[in-house]
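The next block holds one structure in the form of C-alpha coordinates; read it before the comments.
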Amino acid sequence: MTPQTIPVHSPAVPAPEAFTDAAAAVARLEELYQLATAYLSGQFRRALRKGPDGHRIRAFYPEIRITTTSFAQIDSRLSFGHVAEPGVHAATITRPDLFRNYLKQQISLLLENHKVAVWVGASTTPIPVHFAVAAQTDLTVPQEGAADFTLRDIFDVPDLSNTNDDIVNGTASLDRDGVGALAPFTAQRVDYSLARLSHYTATDPEHFQNHVLFTNYQFYVTEFEAYAREMLADEASGYTSFVSTGNVEITDAETPIAPVDKQPQMPTYHLKRADGSGITLVNIGVGPSNAKTATDHIAVLRPHAWIMVGHCAGLRNSQSLGDFVLAHAYLREDHVLDDDLPVWVPIPALAEVQTSLEEAVATVTELSGFELKRVMRTGTVATIDNRNWELREHTGPVQRLSQSRAIALDMESATIAANGYRFRVPYGTLLCVSDKPLHGELKLPGMASDFYKTQVARHLLIGIRAMERLREMPLERLHSRKLRSFDETAFL
12 MTPQTIPVHS PAVPAPEAFT DAAAAVARLE ELYQLATAYL SGQFRRALRK GPDGHRIRAF
72 YPEIRITTTS FAQIDSRLSF GHVAEPGVHA ATITRPDLFR NYLKQQISLL LENHKVAVWV
132 GASTTPIPVH FAVAAQTDLT VPQEGAADFT LRDIFDVPDL SNTNDDIVNG TASLDRDGVG
192 ALAPFTAQRV DYSLARLSHY TATDPEHFQN HVLFTNYQFY VTEFEAYARE MLADEASGYT
252 SFVSTGNVEI TDAETPIAPV DKQPQMPTYH LKRADGSGIT LVNIGVGPSN AKTATDHIAV
312 LRPHAWIMVG HCAGLRNSQS LGDFVLAHAY LREDHVLDDD LPVWVPIPAL AEVQTSLEEA
372 VATVTELSGF ELKRVMRTGT VATIDNRNWE LREHTGPVQR LSQSRAIALD MESATIAANG
432 YRFRVPYGTL LCVSDKPLHG ELKLPGMASD FYKTQVARHL LIGIRAMERL REMPLERLHS
492 RKLRSFDETA FL
(Lines of atoms letter the chains of each structure in order from A and count residues from 1; the text may use other names and numbers.)
(Lines give C-alpha, C1' and ligand atoms only; values in the text may rest on other atoms or scores of the structure.)
Protein backbone atom coordinates (compact mmCIF):
# COMPACT_ATOMS: atom_id res chain seq x y z
CA MET A 1 0.00 0.00 0.00
CA THR A 2 1.56 3.31 -1.10
CA PRO A 3 1.36 6.50 1.03
CA GLN A 4 -1.21 7.88 -1.39
CA THR A 5 -3.62 5.00 -0.78
CA ILE A 6 -3.30 4.74 2.99
CA PRO A 7 -6.66 5.60 4.60
CA VAL A 8 -6.73 8.99 6.29
CA HIS A 9 -8.08 9.41 9.83
CA SER A 10 -9.11 12.88 11.06
CA PRO A 11 -10.91 14.15 14.15
CA ALA A 12 -14.64 14.83 14.11
CA VAL A 13 -15.22 18.59 14.07
CA PRO A 14 -18.30 20.84 13.81
CA ALA A 15 -19.53 21.66 10.32
CA PRO A 16 -18.93 25.18 8.97
CA GLU A 17 -21.28 27.66 10.63
CA ALA A 18 -22.23 31.29 10.04
CA PHE A 19 -21.60 33.83 12.81
CA THR A 20 -22.70 37.42 13.29
CA ASP A 21 -20.95 37.79 16.65
CA ALA A 22 -17.17 38.17 16.66
CA ALA A 23 -16.66 36.65 20.11
CA ALA A 24 -18.67 33.57 19.17
CA ALA A 25 -16.72 33.22 15.91
CA VAL A 26 -13.40 33.33 17.75
CA ALA A 27 -14.67 30.83 20.31
CA ARG A 28 -15.44 28.41 17.47
CA LEU A 29 -11.97 29.00 15.97
CA GLU A 30 -10.46 28.09 19.34
CA GLU A 31 -12.63 24.99 19.61
CA LEU A 32 -11.63 23.77 16.15
CA TYR A 33 -7.95 24.43 16.76
CA GLN A 34 -8.00 22.66 20.11
CA LEU A 35 -9.74 19.60 18.66
CA ALA A 36 -7.24 19.39 15.80
CA THR A 37 -4.06 19.83 17.80
CA ALA A 38 -5.18 17.59 20.66
CA TYR A 39 -5.96 14.85 18.15
CA LEU A 40 -2.60 15.18 16.40
CA SER A 41 -0.67 15.27 19.68
CA GLY A 42 -2.47 12.20 20.98
CA GLN A 43 -1.99 10.24 17.78
CA PHE A 44 1.67 11.24 17.61
CA ARG A 45 2.28 10.01 21.15
CA ARG A 46 0.58 6.76 20.24
CA ALA A 47 2.69 6.33 17.08
CA LEU A 48 5.91 6.91 19.01
CA ARG A 49 4.86 4.38 21.61
CA LYS A 50 3.30 1.65 19.45
CA GLY A 51 4.22 2.51 15.88
CA PRO A 52 1.83 3.36 13.02
CA ASP A 53 -1.35 1.34 12.67
CA GLY A 54 -1.93 1.39 8.94
CA HIS A 55 -3.55 4.77 8.39
CA ARG A 56 -2.49 8.36 7.87
CA ILE A 57 -3.21 10.95 10.56
CA ARG A 58 -4.41 14.40 9.46
CA ALA A 59 -6.10 17.40 11.05
CA PHE A 60 -6.78 20.81 9.57
CA TYR A 61 -6.34 24.42 10.54
CA PRO A 62 -9.58 26.29 11.23
CA GLU A 63 -10.63 28.86 8.67
CA ILE A 64 -12.66 32.04 8.60
CA ARG A 65 -14.41 32.97 5.38
CA ILE A 66 -16.55 35.85 4.14
CA THR A 67 -18.57 36.19 0.94
CA THR A 68 -19.63 39.60 -0.32
CA THR A 69 -21.71 40.35 -3.39
CA SER A 70 -21.48 44.13 -3.68
CA PHE A 71 -19.01 46.96 -3.50
CA ALA A 72 -19.95 48.14 -0.03
CA GLN A 73 -19.69 51.85 0.65
CA ILE A 74 -16.86 51.76 3.15
CA ASP A 75 -15.55 54.76 5.07
CA SER A 76 -12.77 55.86 2.71
CA ARG A 77 -10.63 56.96 5.64
CA LEU A 78 -10.18 53.36 6.83
CA SER A 79 -7.24 51.33 5.58
CA PHE A 80 -8.40 47.97 6.95
CA GLY A 81 -11.49 46.11 8.12
CA HIS A 82 -13.05 45.54 4.69
CA VAL A 83 -12.39 43.51 1.55
CA ALA A 84 -11.47 45.34 -1.63
CA GLU A 85 -14.13 43.89 -3.92
CA PRO A 86 -16.99 41.36 -4.01
CA GLY A 87 -16.09 37.69 -3.84
CA VAL A 88 -14.99 35.04 -1.39
CA HIS A 89 -12.11 35.77 0.99
CA ALA A 90 -10.66 33.38 3.54
CA ALA A 91 -7.83 32.93 6.01
CA THR A 92 -6.48 29.89 7.81
CA ILE A 93 -6.01 30.53 11.52
CA THR A 94 -3.54 29.22 14.08
CA ARG A 95 -3.23 29.87 17.79
CA PRO A 96 -6.58 31.68 18.13
CA ASP A 97 -5.93 31.80 21.88
CA LEU A 98 -2.84 33.94 21.26
CA PHE A 99 -4.57 36.14 18.67
CA ARG A 100 -7.95 36.31 20.43
CA ASN A 101 -8.15 40.11 20.78
CA TYR A 102 -6.79 40.68 17.28
CA LEU A 103 -9.28 38.27 15.74
CA LYS A 104 -12.23 39.75 17.62
CA GLN A 105 -11.26 43.21 16.45
CA GLN A 106 -10.79 42.25 12.80
CA ILE A 107 -13.93 40.10 12.60
CA SER A 108 -16.00 42.83 14.27
CA LEU A 109 -14.93 45.27 11.58
CA LEU A 110 -15.90 42.83 8.82
CA LEU A 111 -19.33 42.32 10.33
CA GLU A 112 -19.84 46.04 10.78
CA ASN A 113 -18.61 47.10 7.35
CA HIS A 114 -20.15 44.39 5.17
CA LYS A 115 -23.31 43.46 7.09
CA VAL A 116 -22.92 39.77 6.23
CA ALA A 117 -22.07 36.78 8.40
CA VAL A 118 -18.63 35.22 8.56
CA TRP A 119 -18.29 31.47 8.26
CA VAL A 120 -16.02 29.43 10.53
CA GLY A 121 -15.08 25.81 9.86
CA ALA A 122 -12.18 23.50 9.14
CA SER A 123 -9.96 24.47 6.21
CA THR A 124 -8.34 22.14 3.69
CA THR A 125 -4.83 23.00 4.94
CA PRO A 126 -3.33 20.27 7.14
CA ILE A 127 -1.59 21.21 10.38
CA PRO A 128 2.04 19.96 10.38
CA VAL A 129 2.62 17.72 13.38
CA HIS A 130 5.66 19.83 14.36
CA PHE A 131 3.42 22.83 15.03
CA ALA A 132 0.64 20.82 16.63
CA VAL A 133 2.91 19.50 19.38
CA ALA A 134 4.82 22.76 19.89
CA ALA A 135 3.02 23.48 23.17
CA GLN A 136 3.81 20.02 24.57
CA THR A 137 6.97 20.59 26.60
CA ASP A 138 7.57 16.85 26.98
CA LEU A 139 7.15 16.06 23.30
CA THR A 140 9.38 16.79 20.33
CA VAL A 141 9.26 15.65 16.74
CA PRO A 142 12.33 13.50 15.97
CA GLN A 143 14.45 14.23 12.94
CA GLU A 144 13.80 12.23 9.79
CA GLY A 145 15.05 8.68 10.30
CA ALA A 146 15.19 8.90 14.10
CA ALA A 147 11.76 7.33 14.61
CA ASP A 148 10.82 3.72 13.83
CA PHE A 149 8.61 4.91 10.98
CA THR A 150 8.82 7.44 8.15
CA LEU A 151 7.25 10.57 9.64
CA ARG A 152 5.86 12.09 6.45
CA ASP A 153 4.17 8.82 5.49
CA ILE A 154 1.91 9.13 8.55
CA PHE A 155 1.79 12.82 9.51
CA ASP A 156 1.83 16.11 7.62
CA VAL A 157 5.06 18.10 7.79
CA PRO A 158 5.74 21.80 7.02
CA ASP A 159 5.01 22.70 3.40
CA LEU A 160 6.81 25.64 1.80
CA SER A 161 3.89 26.23 -0.56
CA ASN A 162 1.92 27.34 2.52
CA THR A 163 4.86 29.04 4.27
CA ASN A 164 5.76 32.09 2.26
CA ASP A 165 5.24 35.83 1.95
CA ASP A 166 3.34 35.84 -1.33
CA ILE A 167 0.39 37.71 0.18
CA VAL A 168 2.34 40.58 1.74
CA ASN A 169 4.69 40.74 -1.24
CA GLY A 170 1.72 41.22 -3.55
CA THR A 171 2.54 38.17 -5.67
CA ALA A 172 -0.27 35.90 -4.48
CA SER A 173 -3.20 35.11 -6.76
CA LEU A 174 -6.63 33.67 -6.13
CA ASP A 175 -6.52 30.01 -5.19
CA ARG A 176 -7.91 27.36 -7.53
CA ASP A 177 -11.42 27.92 -6.15
CA GLY A 178 -11.20 31.68 -6.77
CA VAL A 179 -10.83 32.53 -3.06
CA GLY A 180 -8.85 35.64 -2.13
CA ALA A 181 -6.73 36.23 0.97
CA LEU A 182 -8.40 37.68 4.05
CA ALA A 183 -5.26 37.99 6.20
CA PRO A 184 -1.63 38.88 5.38
CA PHE A 185 -0.23 35.51 6.50
CA THR A 186 -1.30 31.90 6.25
CA ALA A 187 -1.61 29.85 9.43
CA GLN A 188 1.45 27.77 8.59
CA ARG A 189 3.54 30.91 7.95
CA VAL A 190 2.48 32.21 11.37
CA ASP A 191 3.29 28.91 13.07
CA TYR A 192 6.74 28.89 11.50
CA SER A 193 7.49 32.38 12.81
CA LEU A 194 6.15 31.65 16.28
CA ALA A 195 8.58 28.75 16.51
CA ARG A 196 11.45 30.91 15.24
CA LEU A 197 10.67 33.68 17.73
CA SER A 198 10.94 31.30 20.66
CA HIS A 199 14.27 30.06 19.31
CA TYR A 200 15.87 33.42 18.52
CA THR A 201 14.62 35.44 21.50
CA ALA A 202 14.32 32.81 24.26
CA THR A 203 10.91 34.23 25.18
CA ASP A 204 7.48 32.93 24.21
CA PRO A 205 5.39 34.82 21.63
CA GLU A 206 2.70 35.33 24.29
CA HIS A 207 4.92 37.92 25.96
CA PHE A 208 5.42 40.19 22.96
CA GLN A 209 3.75 43.57 23.24
CA ASN A 210 2.19 45.73 20.53
CA HIS A 211 5.02 48.29 20.51
CA VAL A 212 8.50 47.04 19.64
CA LEU A 213 11.82 48.83 20.02
CA PHE A 214 14.85 47.46 18.18
CA THR A 215 18.40 48.23 19.20
CA ASN A 216 21.85 47.11 18.19
CA TYR A 217 23.61 47.40 21.55
CA GLN A 218 23.34 45.50 24.84
CA PHE A 219 23.71 48.75 26.79
CA TYR A 220 20.09 49.54 26.02
CA VAL A 221 18.97 46.30 27.65
CA THR A 222 20.46 47.31 30.99
CA GLU A 223 18.67 50.64 30.85
CA PHE A 224 15.43 48.99 29.79
CA GLU A 225 15.46 46.68 32.80
CA ALA A 226 16.17 49.62 35.09
CA TYR A 227 13.26 51.55 33.59
CA ALA A 228 11.01 48.49 33.87
CA ARG A 229 11.76 48.17 37.57
CA GLU A 230 10.87 51.84 38.07
CA MET A 231 7.55 51.24 36.35
CA LEU A 232 6.77 48.14 38.42
CA ALA A 233 7.44 50.17 41.56
CA ASP A 234 4.89 52.76 40.39
CA GLU A 235 1.36 51.37 40.80
CA ALA A 236 -0.01 54.09 38.55
CA SER A 237 2.25 53.24 35.59
CA GLY A 238 -0.11 50.68 34.06
CA TYR A 239 2.70 48.17 33.56
CA THR A 240 2.13 44.77 35.16
CA SER A 241 5.29 42.69 34.69
CA PHE A 242 8.72 42.43 33.13
CA VAL A 243 9.88 39.38 31.20
CA SER A 244 13.53 38.49 30.65
CA THR A 245 15.44 35.73 28.86
CA GLY A 246 14.04 32.26 29.43
CA ASN A 247 10.53 33.63 30.15
CA VAL A 248 11.55 34.78 33.61
CA GLU A 249 8.68 37.08 34.62
CA ILE A 250 8.69 39.42 37.61
CA THR A 251 5.94 41.64 38.98
CA ASP A 252 7.86 43.16 41.88
CA ALA A 253 10.52 45.79 41.26
CA GLU A 254 12.93 44.22 43.74
CA THR A 255 12.82 40.66 42.45
CA PRO A 256 16.29 39.66 41.22
CA ILE A 257 16.80 38.08 37.80
CA ALA A 258 19.63 35.58 37.65
CA PRO A 259 22.03 35.94 34.72
CA VAL A 260 21.72 33.28 32.03
CA ASP A 261 24.57 31.00 31.05
CA LYS A 262 23.98 31.48 27.34
CA GLN A 263 22.32 34.43 25.66
CA PRO A 264 20.01 33.82 22.71
CA GLN A 265 20.85 35.23 19.30
CA MET A 266 18.45 38.13 19.80
CA PRO A 267 17.91 38.84 23.52
CA THR A 268 14.38 40.16 24.01
CA TYR A 269 12.64 41.78 26.97
CA HIS A 270 9.02 42.70 27.56
CA LEU A 271 7.53 45.42 29.75
CA LYS A 272 3.95 44.23 29.77
CA ARG A 273 0.54 45.79 30.16
CA ALA A 274 -2.63 43.78 30.69
CA ASP A 275 -4.00 44.61 27.23
CA GLY A 276 -0.72 43.94 25.37
CA SER A 277 -0.01 47.63 24.81
CA GLY A 278 3.32 47.54 26.61
CA ILE A 279 6.80 47.69 25.09
CA THR A 280 9.10 44.94 23.82
CA LEU A 281 12.83 45.60 23.36
CA VAL A 282 14.79 43.39 20.96
CA ASN A 283 18.56 43.52 20.77
CA ILE A 284 18.99 42.38 17.17
CA GLY A 285 22.76 42.79 17.22
CA VAL A 286 24.60 44.13 14.20
CA GLY A 287 23.67 43.75 10.56
CA PRO A 288 20.79 43.86 8.09
CA SER A 289 20.42 40.08 8.06
CA ASN A 290 19.58 40.05 11.76
CA ALA A 291 17.22 42.99 11.26
CA LYS A 292 15.36 41.14 8.51
CA THR A 293 15.20 37.91 10.49
CA ALA A 294 13.73 39.58 13.56
CA THR A 295 11.13 41.60 11.67
CA ASP A 296 10.18 38.69 9.39
CA HIS A 297 8.99 36.80 12.43
CA ILE A 298 7.70 39.55 14.72
CA ALA A 299 5.49 40.78 11.87
CA VAL A 300 3.11 37.82 12.25
CA LEU A 301 2.18 39.12 15.73
CA ARG A 302 0.78 42.25 14.00
CA PRO A 303 2.40 44.87 16.25
CA HIS A 304 1.07 48.42 16.07
CA ALA A 305 4.51 50.00 15.62
CA TRP A 306 8.22 49.24 15.64
CA ILE A 307 11.04 51.73 15.96
CA MET A 308 14.80 51.43 15.66
CA VAL A 309 16.76 53.13 18.46
CA GLY A 310 20.39 52.35 17.78
CA HIS A 311 23.74 53.89 17.06
CA CYS A 312 24.96 55.28 13.77
CA ALA A 313 27.87 56.96 12.09
CA GLY A 314 27.29 60.68 11.68
CA LEU A 315 28.19 61.81 8.16
CA ARG A 316 28.16 65.59 8.64
CA ASN A 317 30.91 67.63 10.24
CA SER A 318 28.29 69.74 12.01
CA GLN A 319 27.12 66.72 14.01
CA SER A 320 28.49 65.86 17.44
CA LEU A 321 28.72 62.53 19.23
CA GLY A 322 25.44 62.00 21.02
CA ASP A 323 23.32 63.95 18.53
CA PHE A 324 20.08 62.37 17.41
CA VAL A 325 19.10 61.49 13.85
CA LEU A 326 15.44 61.24 12.89
CA ALA A 327 15.22 59.35 9.58
CA HIS A 328 12.76 60.72 7.06
CA ALA A 329 14.19 58.76 4.11
CA TYR A 330 16.34 55.68 3.60
CA LEU A 331 19.18 54.82 1.24
CA ARG A 332 18.94 51.04 1.00
CA GLU A 333 22.29 49.38 0.38
CA ASP A 334 21.60 46.47 2.71
CA HIS A 335 20.54 44.12 -0.15
CA VAL A 336 18.77 41.56 2.06
CA LEU A 337 15.31 42.64 0.90
CA ASP A 338 16.06 43.26 -2.77
CA ASP A 339 14.17 40.14 -3.91
CA ASP A 340 11.10 40.89 -1.77
CA LEU A 341 10.99 44.67 -2.05
CA PRO A 342 12.96 46.16 -4.98
CA VAL A 343 15.09 49.18 -4.20
CA TRP A 344 12.99 51.32 -6.54
CA VAL A 345 10.10 51.08 -4.06
CA PRO A 346 10.12 54.26 -1.91
CA ILE A 347 9.91 53.82 1.86
CA PRO A 348 7.94 56.88 3.00
CA ALA A 349 8.25 58.53 6.38
CA LEU A 350 5.06 58.08 8.44
CA ALA A 351 3.88 61.39 9.86
CA GLU A 352 2.29 59.80 12.92
CA VAL A 353 5.54 58.12 13.95
CA GLN A 354 7.75 61.05 12.97
CA THR A 355 5.72 63.48 15.05
CA SER A 356 5.75 61.18 18.06
CA LEU A 357 9.51 60.79 17.89
CA GLU A 358 10.17 64.51 17.48
CA GLU A 359 7.85 65.35 20.37
CA ALA A 360 9.55 62.73 22.52
CA VAL A 361 12.98 64.22 21.80
CA ALA A 362 11.69 67.66 22.74
CA THR A 363 10.16 66.37 25.97
CA VAL A 364 13.24 64.48 27.15
CA THR A 365 15.82 67.09 26.10
CA GLU A 366 13.60 70.03 27.17
CA LEU A 367 14.38 71.76 23.88
CA SER A 368 11.91 72.92 21.28
CA GLY A 369 11.61 74.78 18.02
CA PHE A 370 14.86 76.01 16.51
CA GLU A 371 16.79 74.99 19.64
CA LEU A 372 15.94 71.35 19.02
CA LYS A 373 18.17 71.47 15.94
CA ARG A 374 21.17 71.70 18.27
CA VAL A 375 20.77 68.03 19.20
CA MET A 376 18.69 66.48 16.41
CA ARG A 377 18.88 66.42 12.66
CA THR A 378 16.27 65.06 10.27
CA GLY A 379 17.34 63.52 6.98
CA THR A 380 18.28 60.43 5.01
CA VAL A 381 19.77 57.42 6.78
CA ALA A 382 21.86 55.04 4.71
CA THR A 383 21.94 51.36 5.64
CA ILE A 384 24.81 49.25 4.35
CA ASP A 385 25.76 45.57 4.60
CA ASN A 386 29.49 46.12 5.06
CA ARG A 387 30.45 46.91 8.67
CA ASN A 388 33.94 48.02 7.61
CA TRP A 389 32.86 50.21 4.73
CA GLU A 390 35.34 52.86 5.89
CA LEU A 391 38.23 50.63 4.85
CA ARG A 392 37.23 50.58 1.19
CA GLU A 393 38.21 53.07 -1.49
CA HIS A 394 36.21 56.17 -0.60
CA THR A 395 35.42 57.87 -3.88
CA GLY A 396 32.45 55.71 -4.82
CA PRO A 397 30.73 55.17 -1.45
CA VAL A 398 31.29 58.68 -0.15
CA GLN A 399 30.11 60.24 -3.39
CA ARG A 400 26.88 58.19 -3.27
CA LEU A 401 26.31 59.14 0.35
CA SER A 402 26.79 62.80 -0.48
CA GLN A 403 24.50 62.66 -3.52
CA SER A 404 21.79 60.99 -1.43
CA ARG A 405 22.05 63.80 1.15
CA ALA A 406 22.54 61.11 3.82
CA ILE A 407 23.27 62.40 7.30
CA ALA A 408 23.89 59.05 9.01
CA LEU A 409 24.83 55.47 8.24
CA ASP A 410 24.06 52.21 10.03
CA MET A 411 23.42 48.55 9.25
CA GLU A 412 19.82 47.98 10.35
CA SER A 413 17.46 50.97 10.07
CA ALA A 414 16.50 50.82 6.40
CA THR A 415 15.95 47.07 6.67
CA ILE A 416 13.59 47.49 9.61
CA ALA A 417 11.74 50.34 7.91
CA ALA A 418 11.49 48.45 4.61
CA ASN A 419 10.14 45.36 6.32
CA GLY A 420 7.69 47.54 8.21
CA TYR A 421 6.51 48.89 4.88
CA ARG A 422 6.33 45.38 3.41
CA PHE A 423 4.42 43.94 6.36
CA ARG A 424 2.18 47.02 6.91
CA VAL A 425 3.65 47.69 10.37
CA PRO A 426 4.12 51.42 11.17
CA TYR A 427 7.85 52.09 11.50
CA GLY A 428 10.33 54.77 12.46
CA THR A 429 13.99 55.40 13.21
CA LEU A 430 15.73 57.53 15.80
CA LEU A 431 19.48 57.00 15.91
CA CYS A 432 22.25 58.40 18.06
CA VAL A 433 25.60 59.43 16.57
CA SER A 434 28.35 57.31 18.13
CA ASP A 435 31.18 58.03 15.68
CA LYS A 436 32.11 60.22 12.70
CA PRO A 437 34.48 58.14 10.56
CA LEU A 438 34.59 60.67 7.71
CA HIS A 439 35.85 63.28 10.15
CA GLY A 440 38.42 61.33 12.14
CA GLU A 441 36.22 60.32 15.06
CA LEU A 442 36.23 56.54 14.98
CA LYS A 443 34.35 54.28 17.37
CA LEU A 444 37.22 53.54 19.75
CA PRO A 445 36.90 52.12 23.29
CA GLY A 446 37.59 55.29 25.28
CA MET A 447 35.30 57.50 23.24
CA ALA A 448 32.57 54.90 23.22
CA SER A 449 32.46 54.43 26.97
CA ASP A 450 31.95 58.14 27.63
CA PHE A 451 29.29 58.26 24.95
CA TYR A 452 27.40 55.28 26.35
CA LYS A 453 27.36 56.68 29.88
CA THR A 454 25.79 59.96 28.86
CA GLN A 455 23.42 59.07 26.06
CA VAL A 456 21.98 55.55 26.24
CA ALA A 457 19.48 56.21 29.04
CA ARG A 458 18.19 59.38 27.39
CA HIS A 459 17.95 57.77 23.97
CA LEU A 460 16.01 54.78 25.27
CA LEU A 461 13.65 57.02 27.23
CA ILE A 462 12.88 58.96 24.05
CA GLY A 463 11.96 55.73 22.29
CA ILE A 464 9.69 54.75 25.18
CA ARG A 465 8.02 58.16 25.28
CA ALA A 466 7.38 57.96 21.53
CA MET A 467 5.76 54.56 21.93
CA GLU A 468 3.57 55.89 24.73
CA ARG A 469 2.34 58.62 22.39
CA LEU A 470 1.60 56.08 19.67
CA ARG A 471 -0.25 53.91 22.18
CA GLU A 472 -2.76 56.70 22.74
CA MET A 473 -3.37 57.12 19.00
CA PRO A 474 -6.49 55.51 17.44
CA LEU A 475 -5.55 52.45 15.38
CA GLU A 476 -7.32 53.76 12.31
CA ARG A 477 -5.03 56.78 12.38
CA LEU A 478 -1.80 54.92 13.14
CA HIS A 479 -2.39 52.18 10.56
CA SER A 480 -2.72 54.66 7.75
CA ARG A 481 -3.55 54.18 4.09
CA LYS A 482 0.07 54.87 3.11
CA LEU A 483 0.97 51.26 3.88
CA ARG A 484 -1.85 49.67 1.90
CA SER A 485 -1.67 48.51 -1.72
CA PHE A 486 -4.34 48.37 -4.44
CA ASP A 487 -5.79 44.99 -3.44
CA GLU A 488 -5.38 44.65 0.32
CA THR A 489 -6.36 42.02 2.85
CA ALA A 490 -9.13 43.06 5.23
CA PHE A 491 -7.16 42.05 8.29
CA LEU A 492 -4.35 44.31 9.47
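Quick note: the sequence shown uses my numbering, first residue 12, plus one each step. Every residue, glycine too, gets a C-beta built ideally from N, C-alpha and C.
Secondary structure of residue i, DSSP reduced to three states
i      : result
Tyr228 : coil
Thr161 : coil
Lys61  : helix
Pro8   : Nothing in the structure corresponds to residue 8, since the chain is present only between 12 and 503.
Met277 : coil
Pro299 : helix
Pro485 : coil
Phe30  : strand
Thr48  : helix
Glu344 : strand
Gly451 : Any reading at Gly451 is ruled out, since the residue's pLDDT is 47, under 50, leaving its predicted position unreliable.
Glu96  : coil
Arg469 : helix
Asp421 : strand
Pro22  : coil
Ser367 : helix
Ala428 : helix
Pro137 : strand
Leu120 : helix
Sub-8 Å separation of residue i and residue j beta-carbons
i      : j      : result
Ala95  : Glu499 : yes
Asn173 : Thr136 : yes
Pro299 : Met422 : yes
Thr440 : Val392 : yes
Leu368 : Leu342 : no
Trp317 : Ile427 : yes
Asp286 : His346 : no
Thr394 : Ala360 : no
Gly333 : Cys443 : yes
His315 : His222 : yes
Val254 : His218 : yes
Leu109 : Pro216 : yes
Ala310 : Ile473 : no
Gln147 : Ser52  : yes
Buried/exposed call for residue i, threshold 16 Cβ in 10 Å
i      : result
Lys126 : exposed
Ser445 : buried
Ala29  : exposed
Ala102 : buried
Pro107 : buried
Leu185 : exposed
Pro267 : exposed
Gly62  : exposed
Gln54  : buried
Cβ contact check for the segment 409-416 and the segment 285-302: 3 or more pairs under 8 Å: no
Contiguous alpha helix (DSSP H) assignments of at least 4 residues, all confined to the segment 170-219: 177-180 and 198-212
The segment 202-217 contacting the segment 324-343, beta-carbon criterion three pairs below 8 Å: no
The segment 72-89 touching the segment 115-126, judged by at least three CB pairs closer than 8 Å: yes
Validate contact between the segment 423-438 and the segment 280-287 using beta carbons, cut 8 Å, 3 pairs: no
Sufficient close CB pairs (3 or more, under 8 Å) joining the segment 260-274 to the segment 98-115: no
Cβ contact check for the segment 33-40 and the segment 128-148: 3 or more pairs under 8 Å: yes
Contact the segment 61-69 vs the segment 164-173: 3+ CB pairs below 8 Å: yes
Ranges of the beta strand (DSSP E) found wholly within the segment 238-289, counting only runs of at least 3: 250-255, 259-261 and 279-284
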